[in-house]
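S.K.:
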Amino acid sequence: MRLIAVENYDELSEVAAGIVAEMIKMKPDSVIGLPTGRTPKGMYAYLVKLHKEQGLDFSGVKTFNIDEFCGVPKSDPRSFAFYMQEYFVKHINLKPDNFHIPNGTAANYAEECKEYEKKIEQAGGFDLIVLGVGTNGHVGFNEPATSLPVHTHIVSLSEETRVAYGKLYGSTENVPQQAITMGIGTILRAERTLLLASGSSKSTVMRKFLQEERVTPLLPVSFLHLSSNLTVIADKEALGMSL
Amino acid sequence: MPLSWFRTSNLFTPYKVEGEWFIGVEHGRVSKLTRENPKASDEVVDFGDALVAPGFVEVHIHGAHGYDVMSGTLEAMNEIARFLVRHGVTSFLPTTVPSTFGQLAEVLSLDLGMIDGSGARALGFHLEGPYVNPQFKGALPREALDRPDVVTLNALLGKGKVSMVTVAPELEGMADVIAMLTQRGVAVSLGHTGASYTLAVEAFLAGAKSITHFLNAMKAFHHRDSGVIGAALNLPFYVQFIPDGIHTSREVIRAVARLLSKRLVLITDAIMAAGMGEEQQVSLGGQQVTVRDGAARLSDGTLAGSTLTTDKGVRNLIEVGLLSIEEALICATVNPADLLGIREVGRIMVGSMADFVVLDRHSLEVVCTVRGGRIVYSRL
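Residue numbers (our numbering), protein chains in the order written: chain A, 15 to 257; chain B, 150 to 529.
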């Protein structure tokens with residue numbers, strides 16, 4: 015594992031975007047897994063800036079989002095599809111056909127999960143996957159549990175996660191009960207993994223993850239210890255750099 | 150209840166924290182950090198207003214005090230480890246130079262756990278080469294340099310604990326070696342290299358974490374062909390640097406400290422001549438080395454490691470590099486620990502090893518070193 019400790023959120027965003035950009039420059043047809051949430055917003059802003067100011071070219075890139083809420087259409091501001099358009103996709107030259115995200119309003123969710131997994135497979139797997147981590151240790155929507163599915167699947171969201179999103183969506187009731195998420199196996203097959211953690215709310219989970227080199231489904235992020243090439247970018251607050 | 154306490158009014162974790170602190174130690178680890186006085190019955194070692202910081206972590210050292218890591222003996226390792234605690238180092242990576250497979254295998258098979266507890270702890274070996282570029286060999290023995298070979302390297306890694314390997318990414322087949330080392334959790338550092346910027350970036354994406362003795366034994370920076378040095382400026386590589394004023398000019402120490410202190414890793418690259426006086430004859434990898442005014446050189450004038458000590462390096466980063474005490478300490482503690490991915494050394498926090506260096510608050514000379522809660526060196 016490579017740990018990059020940065021001063022603050024802005025530096026985290028810039029460093030993360032820089033690594034994604036180098037990946038794309040090295041391999042213009044990179045397949046990249048992408049997260050949503052609070053943490054990666056700054057990274058997307060920097061990537062948009064690199065596209066506009068330095069011509070970073072996304073025309074050959076394929077992206078796959080890690081998760082999406084169930085029952086929320088992509089026109090709904092709560093959906094991750096909406097988020098991705100707003101913060102990233104509409105500002106760059108990614109081809110619409112190369113942008114992938116689970117369909118939260120699919121008629122048959124089980125079928126959608128299978129299809130999504132197959133699309134990733136057909137694209138050749140991830141050259142790079144970017145991840146955030148939840149305060150409870152979730153990655154994607156792989157919530158702490160006694161066992162974790164390997165592949166893309168439907169998941170019931172934990173109360174903690176729903177409350178956290180409730181703060182963004184007005185109330186907990188506005189947060190869907192279920193989501194589609196890549197499995198830990200889908201995530202671990204990436205050739206390179208980039209984990210982002212920012213803010214003091216992540217310090218407990220990061221301490222557990224960094225200090226205890228053990229794997230447990232009760233802390234899904236711990237499975238990233240099995241990544242073949244993991245880079246963690248964390249700011250001082252997330253690393254709890256004080257007494 | 151903690152078994153022993155250390156008190157200071159000048160604590161750096163290595164981040165400066167104000168006021169008076171008591172560090173409780175149990176079973177060799179920090180079990181408590183508190184401002185409250187321990188019970189009167191508890192034993193307290195009082196360091197007064199001396200500066201207490203995490204013990205230094207040194208990732209690049211070939212020898213000291215007349216002893217060479219390549220001798221492969223426990224005696225040499227013990228002597229080097231004891232020399233190091235006198236200079237505030239409590240964890241280190243004994244560093245090899247390229248040699249025959251047989252000799253490297255013999256050195257690596259030394260059980261580091263056998264090193265006695267009165268010196269610094271050896272965390273694992275750092276292999277400097279043999280997969281480096283002969284054009285940038287510096288003082289490494291040319292005849293021992295080799296082409297990358299995953300099978301041979303795997304066999305070497307099987308001989309003992311290896312924590313870091315210095316490689317030149319431009320050698321054919323190196324991509325596989327970097328990927329294999331990264332997967333095995335061994336830190337890859339780029340050095341003795343003429344790699345282009347692009348190759349260095351590719352190595353970064355493959356998992357390479359740091360640059361070995363930044364600026365020395367690598368292609369010089371050109372503004373249209375910036376090489377590994379350019380990559381180290383643009384990407385978050387850890388930058389290992391020898392701040393002795395001999396490997397670079399003093400102006401460059403200042404520039405590097407200013408630009409890169411947040412990911413600077415202080416190294417000494419010391420050889421057996423360290424701690425042996427300013428003028429002498431020693432050897433490195435079977436080659437004659439002459440030390441004059443503290444500078445170690447081969448007969449052709451090539452620099453051959455250093456006689457720097459880590460505590461002196463910290464002072465140089467402050468006096469010449471113009472870093473604050475806190476910034477300089479970070480370069481010798483947290484940064485090398487993070488480079489290695491180890492949480493339990495390089496910081497003073499609950500759960501970390503009770504490894505401390507105690508520095509005079511004015512001169513920043515080492516006055517005491519604590520390893521695992523035990524005083525292993527003291528001038529008090």
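Every residue gets a Cβ at the ideal spot worked out from N, C-alpha and C, and that includes glycine.
Under a CB-based cut-off of 7 Å, is L294 (chain B) close to chain A?
M.R.: no
S.K.: Check each residue of the stretch 377 to 389 of chain B: if its Cβ is closer than 8 Å to any Cβ of chain A, include it; give the result in chain order.
M.R.: Those residues of the stretch 377 to 389 of chain B that come within reach of chain A (Cβ to Cβ, closer than 8 Å) are N383, L384 and P385.
S.K.: With respect to the alpha helix (DSSP H) encompassing I467 (chain B), which residues constitute its N-terminal and C-terminal limits?
M.R.: T459 to E468
S.K.: Look at the Cβ atom of L210 (chain A), then the Cβ atom of A30 (chain A), and state whether they are nearer than 7 Å.
M.R.: yes
S.K.: Beta-carbon of L224 (chain A) versus every beta-carbon of chain B: anything under 7 Å?
M.R.: yes
S.K.: Would you say L209 (chain A) reaches chain B, if we count a Cβ-Cβ gap shorter than 7 Å as a contact?
M.R.: no
S.K.: Taking Cβ-Cβ distances below 7 Å as the criterion, which residues of the stretch 224 to 244 of chain A are in contact with chain B?
M.R.: With the criterion set as a beta carbon lying under 7 Å from some beta carbon of chain B, the members of the stretch 224 to 244 of chain A are L224, Q225, S242 and N243, in sequence order.
S.K.: According to DSSP, is C84 (chain A) helix, strand or coil?
M.R.: coil
S.K.: Quick one: Cα of K358 (chain B) to Cα of F386 (chain B), how far?
M.R.: 5 Å
S.K.: Have a look at K222 (chain A) and G51 (chain A) and give me their C-alpha separation to the nearest angstrom.
M.R.: 21 Å
S.K.: Less than 7 Å between the beta carbons of M421 (chain B) and D265 (chain B), yes or no?
M.R.: no
S.K.: Closer than 7 Å, CB to CB, is V29 (chain A) near chain B or not?
M.R.: Closer than 7 Å to some Cβ of chain B, the Cβ of V29 (chain A) qualifies, so yes.
S.K.: Cβ closer than 7 Å: which chain B residues qualify as neighbours of I18 (chain A)?
M.R.: P385
S.K.: So if I threshold CB-CB distances at 8 Å, which residues from the stretch 178 to 199 of chain B count as touching chain A?
M.R.: L182
S.K.: Determine the direct distance from the alpha carbon of M313 (chain B) to that of V535 (chain B), and round the result to whole angstroms.
M.R.: It is not possible to answer for residue 535 (chain B), since the shown part of chain B is limited to 150 through 529.
S.K.: With hydrogens ignored, establish whether the beta-carbon of A486 (chain B) is closer than 6 Å to any heavy atom of the ligand MN.
M.R.: The ligand MN is absent from the structure shown, which contains no ligands of any kind.
S.K.: Taking M219 (chain B) as part of the alpha helix (DSSP H), name the residues at either end of that continuous run.
M.R.: Note, M219 (chain B): premise wrong, no alpha helix (DSSP H); not H, not E.
S.K.: Is the distance from the Cβ of P243 (chain B) to the Cβ of P279 (chain B) below 7 Å?
M.R.: It is not a contact, given that the beta carbons lie outside the stated cut-off.
S.K.: Chain B partners of R206 (chain A), CB-CB under 7 Å?
M.R.: L354
S.K.: Skipping 5 residues on each side, what residues in its chain have a beta carbon closer than 6 Å to that of H105 (chain A)?
M.R.: Around H105 (chain A): V62.
S.K.: Rounding to the nearest angstrom, what Cα-Cα distance links R231 (chain B) and S267 (chain B) in this structure?
M.R.: 6 Å
S.K.: Select from B:E255, B:A344 and B:N159 the residue whose C-alpha is nearest the C-alpha of F196 (chain B).
M.R.: B:N159
S.K.: Does E428 (chain B) come out as helix, strand or coil in the three-state DSSP assignment?
M.R.: coil
S.K.: Compute the beta-carbon to beta-carbon distance between T518 (chain B) and G204 (chain B), rounded to the nearest angstrom, for a pair I have assumed lies under 8 Å.
M.R.: 7 Å
S.K.: Can you look up R270 (chain B) in the DSSP assignment and give me helix, strand or coil?
M.R.: strand
S.K.: Could you check how far apart the C-beta atoms of V281 (chain B) and A317 (chain B) are, in whole angstroms? I think they sit under 8 Å.
M.R.: 4 Å
S.K.: Using beta carbons (cut-off 7 Å, strictly below), is T331 (chain B) in contact with chain E?
M.R.: Among the protein chains of the structure shown, namely A and B, there is no chain E.
S.K.: Write down the C-beta distance between V469 (chain B) and G394 (chain B) rounded to the nearest angstrom, noting that I regard them as a contact closer than 8 Å.
M.R.: 7 Å
S.K.: Report buried or exposed for D487 (chain B), applying the criterion of at least 16 other Cβ atoms within 10 angstroms of its Cβ.
M.R.: buried
S.K.: What residues from chain A crowd round K358 (chain B), counting only those whose CB sits closer than 7 Å?
M.R.: R16
S.K.: Tell me which residue opens and which closes the alpha helix (DSSP H) that I38 (chain A) is part of.
M.R.: Residues Y23 to M40.
S.K.: When the Cα atoms are used, what is the spatial distance from N112 (chain A) to E82 (chain A)?
M.R.: 17 Å
S.K.: So is V201 (chain B) in contact with chain A if we call contact Cβ pairs under 7 Å?
M.R.: Interface annotation, V201 (chain B): not in contact with chain A, CB-CB separation never under 7 Å.
S.K.: Along chain A, which residues have their Cβ under 8 Å away from the Cβ of G490 (chain B)?
M.R.: M15, R16 and L17
S.K.: M57 (chain A) CB to nearest chain B CB: under 7 Å?
M.R.: no
S.K.: For E36 (chain A) and chain B, any beta-carbon pair shorter than 7 Å?
M.R.: yes
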